[in-house]
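Trainee:
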Amino acid sequence: MHEDIESVLFTESEIVAGIDRVAASVTEAYRGRDFTVVSVLKGACIFSSDLIRRIPIPLELAFVSASSYGDGTEAGELKLNFLPTNQEIEGRNLLLVDDILDTGNTLNRLSAALAERGAAEVSTCVFLDKPARRQVDFEADFRCFEVEDLFVVGYGLDYAGRYRNLPFVGALHQAALATS
Ligand code: 5GP
Ligand code: MG
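Position 108 of the sequence shown, counted from 1, bears residue number 162 in my numbering, the numbering being contiguous throughout.
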């Protein structure tokens, strides 16, 4: 698996420092207010697990699942697989947490879906932000790192289902993109 990585963009210790910074901002933003972290499966499972353990104020946890069709590096049509229960949404302050903000379609659609179902507030937090690829006018309220227009894997991010378990973020060799 490691031999498929051409370059490391964020090491484990850089990731920890980035998460500490964002966790401090989230903590200040929600101090004294009830809120629910809504982790976008599958990609955000690693990031959200590390993030919430660095937020020392009360919060609840819920999950949402969205996926783009296709296994490649280009996103297809977005499918909402499941949402939190109505009880977890209605009147709640939600912090949607995703692995990467790319075209913006996923978080734009998910935020709208949760607002429509009665959330009091929907904010967003992303591990990575790739602003060069944006197709809709959408910015995250919190983000750890900005990345250039490059397909990255690791720390929850996959290529054709693999590489989520790499503890760092890296770019794949062209050969690995072609043959996986
Ligand atoms: P968006 O809807 O903002 O275009 O894309 C969000 C989703 O696209 C992410 O949750 C992720 O699944 C996928 N994605 C976008 N860019 C990358 C990337 O560089 N690497 C990986 N592994 N997934 C990406
Ligand atoms: Mg994803």
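Quick reminder that beta carbons are idealized off the backbone N, C-alpha and C, glycines included.
Here the structure is a predicted model, which means the values were calculated and not measured.
Go ahead and pull the three-state DSSP assignment for F208.
Mentor: Walking along the sequence shown from the start, residue 208 turns up at place 154. Per the sequence shown, the amino acid found at residue 208 is Gly instead of Phe. Here G208 sits in strand by DSSP.
Trainee: Could you compute how far the alpha carbon of Y217 sits from the alpha carbon of G72?
Mentor: Taking the first residue of the sequence shown as 1, we reach residue 217 at position 163. Taking the first residue of the sequence shown as 1, we reach residue 72 at position 18. Each residue's Cα considered, the two are about 21 Å apart.
Trainee: Closer than 7 Å to a non-hydrogen atom of the ligand 5GP - does that hold for the CB of Y209?
Mentor: Walking along the sequence shown from the start, residue 209 turns up at place 155. Outside the cutoff, so no.
Trainee: Looking at the ligand 5GP, does it come within less than 7 Å of S122, judged from the CB to the closest heavy atom?
Mentor: What you label residue 122 is simply residue 68 of the sequence shown in a count that begins at 1. Correct: S122 has its Cβ closer than 7 Å to the ligand 5GP.
Trainee: Tell me whether D104 counts as near the ligand 5GP, meaning its Cβ is closer than 7 Å to at least one heavy atom of that ligand.
Mentor: The sequence position of residue 104 within the sequence shown is 50, counting from 1. Not under cutoff, so the answer is no.
Trainee: Span of the alpha helix (DSSP H) holding N219?
Mentor: Start at 1 with the first residue of the sequence shown, and residue 219 comes out as number 165. No alpha helix (DSSP H) contains N219, which DSSP labels as neither H nor E.
Trainee: Quick check on I28: does DSSP put it in helix, strand or coil?
Mentor: Examination of residue 28 is not possible in this model, given that the chain is present from 55 through 234 alone.
Trainee: Between the Cα of R187 and the Cα atoms of L204, F136 and I143, which residue gives the shortest distance?
Mentor: Numbered from its first residue, the sequence shown carries residue 187 at position 133. The shortest Cα separation from R187 among L204, F136 and I143 belongs to L204.
Trainee: Please name the residue or residues paired with L150 in a DSSP beta bridge.
Mentor: The count along the sequence shown starts at 1 and reaches residue 150 at position 96. Note: L150 sits in a beta bridge opposite V92 and T178.
Trainee: Taking 8 Å as the threshold (C-beta atoms), are L137 and A174 in contact?
Mentor: To locate residue 174, count along the sequence shown from 1; it is residue 120. To locate residue 137, count along the sequence shown from 1; it is residue 83. Not a contact, by the Cβ cut-off of 8 Å.
Trainee: Any heavy atom of the ligand 5GP inside 7 Å of the beta-carbon of D153?
Mentor: Position 99 of the sequence shown holds residue 153. At least one heavy atom of the ligand 5GP is nearer than 7 Å to the Cβ of D153, so yes.
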